[in-house]
Amino acid sequence: MAVISVNKLQKYYKVHQKEPGLAGSIRSLFHRKYYDVKAVDGVSFEINEGELVGFIGPNGAGKTTTLKVLSGLLYPTAGEVSVLGYTPWDRKPAFQKQFSLVMGQKNQLWWDLPAIESFILNKEIYEVSDAQYKTTLDELVELLDVSDVLKVQVRKLSLGQRMKMELIAALIHSPKILFLDEPTIGLDVVMQKKMRDFIKQYNKKFNATIILTSHYMDDVKELCQRVIVIDKGHVLFDGALDEIIKKFANHKLLTVVFSKEVTEKELKKIGTVKEFDYPRAVISVKRATASTAAAELLENFPVEDINIEEPKIEDIIREVFTGKDLA
Ligand SMILES: Nc1ncnc2c1ncn2[C@@H]1O[C@H](COP(=O)(O)OP(=O)(O)OP(=O)(O)O)[C@@H](O)[C@H]1O
Ligand SMILES: [Mg+2]
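Residue numbers (our numbering): 328 to 654.
In structure tokens:
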């Protein structure tokens with residue numbers, strides 16, 4: 328069953344265009360010119376209960392804007408959105424109690440107080456019962472292993488510790504839906520892994536529906552079976568992560584080990600030489616010609632071993648985003 332459905336969502340920001348120079352500034356005061364930034368331009372998707380979906384795209388793609396609309400922080404320009412049957416920007420209290428938005432780049436905790444104070448505040452705001460609060464808090468503190476820093480002023484916590492506290496604050500009311508906007512940004516690899524483990528467990532344990540944005544492909548690869556790829560406000564792809572390879576990869580990689588010296592110049596006749604460190608070379612060739620290229624290598628070169636591989640998902644996605652053919 329779809330718990331989130333987004334239909335032809337548009338969000339245009341009106342931006343004031345300043346004319347250059349002082350005279351221009353003064354003119355702008357009286358004759359304001361505006362133009363539209365089409366942050367989200369016709370996005371549609373549906374997400375079922377319990378899904379953990381990766382929402383990825385380059386900087387400025389429209390990810391945060393979409394999540395803000397889904398959270399009711401922004402009104403859309405056009406389109407329909409339903410989250411748990413609610414229209415987010417109506418901001419009904421019953422809706423507010425069932426989701427949470429966590430932004431890795433934003434601090435929602437009281438900076439000068441220990442995190443526990445923010446948790447208590449959220450407990451009151453969301454009208455969580457004492458018993459429920461205690462159970463939830465104990466569970467989260469245990470899962471995230473932060474019992475020793477609950478009473479430390481937030482400003483004194485490390486970034487990783489603070490992010491864990493941000494998560495707890497966002498989860499005190501046991502939301503069914505979670506929007507995680509770059510929750511692992513800036514964390515070291517160990518802490519990123521811990522966050523991932525937590526997100527995975529939270530999803531499983533509570534059958535929570537989660538939309539996750541991240542620029543780290545490890546997050547996406549480890550957590551999300553389904554990804555929605557967005558660029559310039561448009562959905563480029565929606566489906567299984569592996570399918571991205573089929574859809575966008577237009578080349579394959581031939582890894583060859585030679586038994587005798589060959590020159591890079593000769594190899595260039597086969598394809599793009601990506602790595603060459605005798606006796607090993609990696610050559611990128613057009614997908615459709617991979618087997619002919621391999622046959623050509625075997626026939627004309629002293630080949631000891633050869634492998635045909637798919638390019639890495641990171642590379643394909645970068646290729647899609649930059650619009651450049653990296654082959
Ligand atoms: N308040 C705003 N006013 C005007 N333009 C905005 C505003 N917020 C975002 N934008 C623009 O809307 C577009 C989408 O921004 P958004 O923050 O949604 O991207 P994003 O996918 O989250 O990018 P990132 O990966 O960098 O976080 C960008 O071009 C951005 O400059
Ligand atoms: Mg963003």
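Glycine included, each C-beta is placed from N, C-alpha and C at the ideal position.
Note that this is a predicted model, so its numbers are computed, not measured.
From F426, L550, D368, residue whose alpha carbon lies closest to that of A405: D368
Residues of its chain near R607, where Cβ-Cβ distance is below 6 Å and the 5 sequence neighbours each way are ignored: V584
Neighbouring residues (CB closer than 7 Å to any heavy atom of ligand 2): K390, T391, D508, E509, T540
Distance cut-off 8 Å: P385 Cβ against heavy atoms of ligand 3: Among the ligands present in this structure, namely ligand 1 and ligand 2, ligand 3 is not found.
A458: CB within 8 Å of a non-hydrogen atom of ligand 1: no
Heavy atom of ligand 1 within 8 Å of I644 beta-carbon: no
Own chain residues within Cβ distance below 6 Å of S474, not counting five before or after: V468
Cβ-heavy atom distance, A388 to ligand 1, below 8 Å: yes
Cutoff 7 Å; reference A621; Cβ partners in own chain excluding five residues on either side: L581, I633, I635
Rounded straight-line distance, which links the Cα of N375 to that of E570: 19 Å
Rounded Cβ spacing between A535 and L505 (contact assumed at less than 8 Å): 6 Å
V547 beta carbon near ligand 1 (any heavy atom closer than 8 Å): no
Those residues which DSSP pairs with A329 across a bridge: N375
Span of the beta strand (DSSP E), counted from its first residue to its last, around K424: From DSSP, K424 is part of no beta strand (DSSP E); its letter is neither H nor E.
7 Å Cβ shell around V486 - same chain, five flanking residues per side excluded: Correcting the residue identity first, residue 486 is Leu in this sequence and not Val. Hits under 7 Å: G513, L514.
D565 versus K478: straight-line alpha-carbon distance, rounded: 43 Å
H542 beta carbon near ligand 1 (any heavy atom closer than 8 Å): yes
Inter-residue spacing [alpha-carbon to alpha-carbon] between I499 and D558: 33 Å
DSSP three-state assignment for Q435, whether helix, strand or coil: coil
One or two residues paired with P669 in a DSSP bridge: With the chain running from 328 to 654 in the structure shown, residue 669 is simply not present.
Three-state secondary structure (DSSP) of Q552: coil
Sequence-distant residues of its chain with Cβ nearer than 6 Å to K345 (five each side left out): S355
Nearest-angstrom Cα separation, counted from Y340 out to D465: 42 Å
Where the alpha helix (DSSP H) through F628 begins and ends: Premise fails: F628 is in no alpha helix (DSSP H) and is neither H nor E.
Closest residue to K587 among V630, D546, Q423 (Cα-Cα distance): V630
Same chain, Cβ closer than 6 Å to R482, neighbours up to 5 away in sequence not counted: W438
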